[in-house]
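Let me begin by presenting the structure, written as structure tokens, before commenting on it.
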Amino acid sequence: MKTFKSALSIVILTAVIIIAMAFSNTKNENAKMTGSSDIELTAAGATFPYPLYSKLFYEYNKQTGVKVNYQSIGSGGGIKQLQSKTVDFGASDAPMSDEELQTSPGAIVHIPTCLGAVVVTYNLTGNPVLALTSDVVADIFLGKITKWNDKRIQGINPGVKLPDLAISIIHRSDGSGTTYIFSDYLSKVSDSWKNKPGTGKSLDWPVGIGAKGNEGVSGLVKQTPGSIGYVELIYAIQNKMPFAKLKNKSGNFVEASLKSVSASADVSIPADARVSLTNTDAKDGYPISSFTYILVYKDQKYGTRSESQAKSTIDLIWWMIHNCKQYAEPLNYSSLPVAALKIAEANLKSVMYGNKKLL
Amino acid sequence: MPITTDQQIKGINFSEFAFRKILFISAISIVILLFCFFLTLVASSLPSINTIGIKFIYGVTWDPVSDKFGGFPFLAGTLFTSLLALIIAIPFSLSVALFLGEYFRTGLISAIFKNIVELLAAIPSVIYGFWGLFVLVPLIRSLETKIGVAPYGVGILTSSIILSIMIVPYAVSLTVQVITLVPADLKEAAYSLGATRLEVIRNIILPYTRSGIFAGILLALGRALGETMAVTMLIGNSHIVPVSIFSPGNTMASVIANEFTEATGKIYLSALIEMGLFLFLVTTIINIIGRSVIKRFSIS
Chain A
1 MKTFKSALSI
11 VILTAVIIIA
21 MAFSNTKNEN
31 AKMTGSSDIE
41 LTAAGATFPY
51 PLYSKLFYEY
61 NKQTGVKVNY
71 QSIGSGGGIK
81 QLQSKTVDFG
91 ASDAPMSDEE
101 LQTSPGAIVH
111 IPTCLGAVVV
121 TYNLTGNPVL
131 ALTSDVVADI
141 FLGKITKWND
151 KRIQGINPGV
161 KLPDLAISII
171 HRSDGSGTTY
181 IFSDYLSKVS
191 DSWKNKPGTG
201 KSLDWPVGIG
211 AKGNEGVSGL
221 VKQTPGSIGY
231 VELIYAIQNK
241 MPFAKLKNKS
251 GNFVEASLKS
261 VSASADVSIP
271 ADARVSLTNT
281 DAKDGYPISS
291 FTYILVYKDQ
301 KYGTRSESQA
311 KSTIDLIWWM
321 IHNCKQYAEP
331 LNYSSLPVAA
341 LKIAEANLKS
351 VMYGNKKLL
Chain B
360 MPITTDQQIK
370 GINFSEFAFR
380 KILFISAISI
390 VILLFCFFLT
400 LVASSLPSIN
410 TIGIKFIYGV
420 TWDPVSDKFG
430 GFPFLAGTLF
440 TSLLALIIAI
450 PFSLSVALFL
460 GEYFRTGLIS
470 AIFKNIVELL
480 AAIPSVIYGF
490 WGLFVLVPLI
500 RSLETKIGVA
510 PYGVGILTSS
520 IILSIMIVPY
530 AVSLTVQVIT
540 LVPADLKEAA
550 YSLGATRLEV
560 IRNIILPYTR
570 SGIFAGILLA
580 LGRALGETMA
590 VTMLIGNSHI
600 VPVSIFSPGN
610 TMASVIANEF
620 TEATGKIYLS
630 ALIEMGLFLF
640 LVTTIINIIG
650 RSVIKRFSIS
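If you read the sequences in order, they're chains A and B.
Per the working numbering: the first sequence ends with 359, consecutive numbering throughout.
Per the working numbering: the second sequence ends with 659, consecutive numbering throughout.
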């Protein structure tokens with residue numbers, strides 16, 4: 001009987017503790033909503049700019065005391081959270097589609113913050129730097145070119161002795177912005193790619209095996225002789241993996257670098273900043289580059305948000321786009337060219353709180 | 360004999376009543392929860408069920424770009440890896456269980472072995488995945504190079520081997536328990552008739568514990584069907600119906616884990632949830648079949 005009684009009291013005690021915790025939580029939230037003391041912002045989205053953003057948020061916190069809680073759950077998740085109004089801002093690698101914008105409860109503004117690039121990396125003895133053309137890349141990933149010493153690869157790389165080795169394709173298994181950018185590029189340069197598998201965050205790959213995340217792909221490429229895959233530039237640099245020079249639209253073979261990726265945005269950009277930079281018209285631009293965006297509601301007055309919270313959200317983003325350069329480049333992100341920065345500024349200035357301007 | 364006052368009896372009655380209620384509520388909430396899971400899955404998969412229909416089960420194309428969703432490659436991959444893992448794991452788990460349940464029931468060796476086997480179950484599956492990626496994959500790759508198949512290293516065989524290691528403890532712990540429950544007089548009777556140890560195992564222990572062993576295997580199979588992380592890291596994640604043990608494939612749990620976070624389309628998201636429902640049903644069906652086999656096997 002004693003054990004029963006003590007069991008009962010444990011159950012009751014646990015219940016009391018849980019209820020007490022729930023109460024204290026709501027209290028905290030109330031404090032946050034009134035924005036009395038320290039301002040804390042929440043955001044969610046793309047994993048790609050996460051290393052840069054966390055550095056930026058850290059520096060901003062040191063300077064202003066504003067804390068940002070960024071969850072790198074992926075672009076799709078960021079868009080979903082923004083649509084359900086649970087975050088102050090979202091982040092995405094790909095611009096939102098027309099359909100996504102229409103289903104959102106309010107007008108959303110795209111603020112480009114920096115640029116990233118996807119590189120084609122491979123595992124060949126001696127780590128030669130290969131040059132590839134867009135149709136060769138497409139046909140490799142379509143499974144039409146199966147050997148490394150194929151005439152079409154050897155033809156553009158006369159100085160490299162390519163082995164008689166089967167090409168193993170390694171792609172992303174998880175839905176990702178990286179796959180989106182890469183397939184967007186291939187759809188633009190190859191009609192048969194556009195037809196099947198097309199452009200998307202997850203594809204029905206004709207050949208190859210999938211690995212999870214950039215780190216999964218780079219790990220598997222490093223392990224598998226004769227393999228080829230695509231990763232974000234940073235991962236290739238960090239893992240000291242070779243990546244191909246690609247022939248861009250203007251006919252130049254361009255290596256992915258901070259400069260060539262930045263240069264890819266030297267094209268006319270629409271006012272809403274929603275643009276695909278792949279297969280860029282820019283003469284020295286690397287052809288698989290993309291903006292990464294911060295997404296905010298045009299009208300910041302929604303839910304229980306206070307004006308000061310809205311103001312600090314916009315101030316933070318303004319600070320980010322202007323201070324990106326010094327923090328981005330050591331981390332291998334490319335900064336916005338002047339024209340793109342102008343558009344980011346204009347878009348940010350259009351954000352209001354009710355009828356009040358915030359900037 | 361202690362004297363109980365009315366007050367005490369009242370107290371006892373109350374705690375009896377409260378305890379019974381707590382037990383009842385806990386038990387019923389599990390049932391309700393399971394039912395709610397099922398309902399949520401069905402409700403959220405309706406858009407996909409309506410557009411794709413029965414083709415979801417036998418279709419072989421999974422193409423999120425053109426909203427074509429066929430789940431057969433994943434069903435095949437799930438069953439293939441789990442059954443192969445069972446085939447690898449059964450001899451090992453049976454041997455380990457006999458060793459721990461019959462030969463070394465007590466003592467230091469037994470305690471050490473039992474703990475180690477249980478520890479296998481406590482290792483997070485991502486660790487198994489990493490180990491597989493860095494140790495097993497190169498081994499399989501060199502094997503594949505030797506016999507002349509595409510040297511990916513990852514695929515059905517690799518994931519089945521890892522799965523088999525992961526499920527051994529589940530099969531072992533249950534089997535050890537049923538082996539130690541074999542009545543001593545049965546065994547002693549056999550020994551007194553001049554049976555050797557092997558004969559006792561073959562003719563007394565194994566027949567007596569059949570249903571328990573099968574239950575252990577079923578538990579292990581359930582674990583194998585739902586395992587996600589380690590398999591995702593090692594199976595190759597290709598949306599194809601696996602044709603050999605060396606070919607890459609994909610499983611139902613893996614495709615959900617891989618694609619759920621970035622699935623934006625309505626049908627796409629719904630198709631992934633339907634995959635979850637499908638997995639739920641497959642596990643249930645296998646469990647029902649298993650239970651009927653256990654019933655047939657058991658000696659009453």
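Glycine residues also receive a C-beta, built at the ideal position from the N, C-alpha and C atoms.
All of these numbers come straight from a predicted model, not from anything done at the bench.
Proximity to residue i [Cα-Cα], best of the options
i, options, result
"B/Leu540", "B/Gly571, B/Arg561 and B/Asp426", "B/Gly571"
"A/Pro197", "A/Ser264, A/Ile317, A/Leu258 and A/Phe141", "A/Phe141"
"A/Val87", "A/Cys114, A/Glu40, A/Ala117 and A/Lys151", "A/Glu40"
"A/Lys188", "A/Ile209, A/Asn279 and A/Phe57", "A/Asn279"
"B/Leu522", "B/Leu631, B/Tyr567 and B/Ile446", "B/Ile446"
"B/Val455", "B/Ile604, B/Val476, B/Ile653 and B/Asn372", "B/Val476"
"B/Arg561", "B/Gln536, B/Leu453 and B/Ile524", "B/Leu453"
"A/Pro337", "A/Ile317, A/Gly251 and A/Val261", "A/Val261"
"A/Pro330", "A/Gln238, A/Pro158 and A/Lys283", "A/Gln238"
"A/Ser202", "B/Thr620, B/Ile644 and B/Tyr511", "B/Thr620"
"A/Ile294", "A/Asn69, A/Ser75, A/Tyr58 and A/Asp38", "A/Ser75"
"B/Val602", "B/Pro432, B/Tyr529 and B/Gly418", "B/Pro432"
"A/Val66", "A/Lys240, A/Leu56 and A/Val267", "A/Leu56"
Where residue i meets chain B, residues with beta-carbon distance less than 9 Å
i, result
"A/Gln71", "Correct list: empty, because the minimum Cβ distance to chain B is about 11 Å."
"A/Ser168", "Ala509, Pro510 and Tyr511"
C-beta neighbour in chain B for residue i, strict 8 Å
i, result
"A/Ala44", "no"
"A/Lys222", "no"
"A/Lys32", "Since pLDDT at A/Lys32 reaches only 41, below the 50 mark, its modelled position is unreliable, and the value read off the structure follows with that caveat. Chain B contact via Cβ: absent."
"A/Gly76", "yes"
"A/Ser350", "no"
"A/Ser84", "no"
"A/Glu100", "yes"
"A/Ser173", "yes"
"A/Lys27", "Residue confidence is low: A/Lys27 scores 42 on pLDDT, short of 50, so the model does not pin down where it sits. Its coordinate-derived value is still stated next. It does not; no Cβ of chain B falls within 8 Å."
Cβ of residue i within 8 Å of any chain A Cβ
i, result
"B/Tyr511", "yes"
"B/Ala579", "no"
"B/Thr642", "no"
"B/Ser425", "yes"
"B/Thr587", "no"
Bounding residues of the beta strand (DSSP E) (the contiguous stretch that carries residue i)
i, result
"A/Ser92", "Phe89 to Ser92"
"A/Phe291", "Ser289 to Tyr297"
"A/Leu246", "Lys245 to Lys247"
"A/Gln71", "Lys67 to Gln71"
"A/Pro242", "Taken as a continuous stretch (DSSP letters only), A/Pro242 belongs to no beta strand (DSSP E), as it is neither H nor E."
"A/Gly210", "Ile209 to Ala211"
"A/Val231", "Ser227 to Glu232"
Contacts of residue i in chain A (Cβ-Cβ under 8 Å)
i, result
"B/Ser485", "In the sequence on display, residue 485 of chain B carries Val and not Ser. Residues of chain A passing the Cβ test: none, with the nearest at roughly 11 Å."
"B/Thr465", "Result: empty, since nearest Cβ-Cβ is about 29 Å, beyond 8 Å."
Extent of the continuous alpha helix (DSSP H) to which residue i belongs
i, result
"B/Leu584", "Leu565 to Gly585"
"A/Ser134", "Ser134 to Phe141"
"A/Gly155", "Lys151 to Ile156"
"A/Ile108", "Premise fails: A/Ile108 lies in the beta strand (DSSP E), Ile108 to Tyr122, not in any alpha helix (DSSP H)."
"B/Glu621", "From DSSP, B/Glu621 is part of no alpha helix (DSSP H); its letter is neither H nor E."
"B/Arg379", "Asp365 to Ile411"
"B/Arg500", "Val496 to Ile506"
Contacts of residue i in chain A (Cβ-Cβ under 9 Å)
i, result
"B/Thr420", "Asp204"
"B/Met592", "Ala211, Lys212 and Gly216"
Under 7 Å from the C-beta of residue i: neighbouring residues of chain A
i, result
"B/Thr517", "Ordered by position in chain A, no residue passes the 7 Å Cβ test against B/Thr517, which lies about 11 Å from the chain."
Where residue i meets chain B, residues with beta-carbon distance less than 7 Å
i, result
"A/Asp150", "Correct list: empty, because the minimum Cβ distance to chain B is about 17 Å."
Contacts that residue i makes with chain B (C-beta to C-beta distance below 8 Å)
i, result
"A/Ser176", "Glu621"
Check: residue i C-beta below 7 Å from any heavy atom of the ligand ATP
i, result
"B/Gly553", "With respect to the ligand ATP, the structure offers nothing, as it holds no ligand at all."
Contact set between the region 181 to 199 of chain A and chain B, restricted to residues whose Cβ is under 9 Å from the partner: Ser183, Lys196, Pro197, Gly198 and Thr199
Contacting positions in the region 471 to 502 of chain B - beta carbon closer than 9 Å to chain A: Leu492, Phe493, Val496, Pro497 and Arg500
Interface residues of the region 201 to 218 of chain A facing chain B [CB-CB below 9 Å]: Lys201, Ser202, Leu203, Asp204, Trp205, Val207, Gly208, Ile209, Gly210, Ala211, Lys212 and Gly216
Contact list for the region 595 to 621 of chain B against chain A, Cβ threshold 7 Å: Gly595, Asn596, Ser597, His598, Pro607, Asn617, Glu618, Thr620 and Glu621
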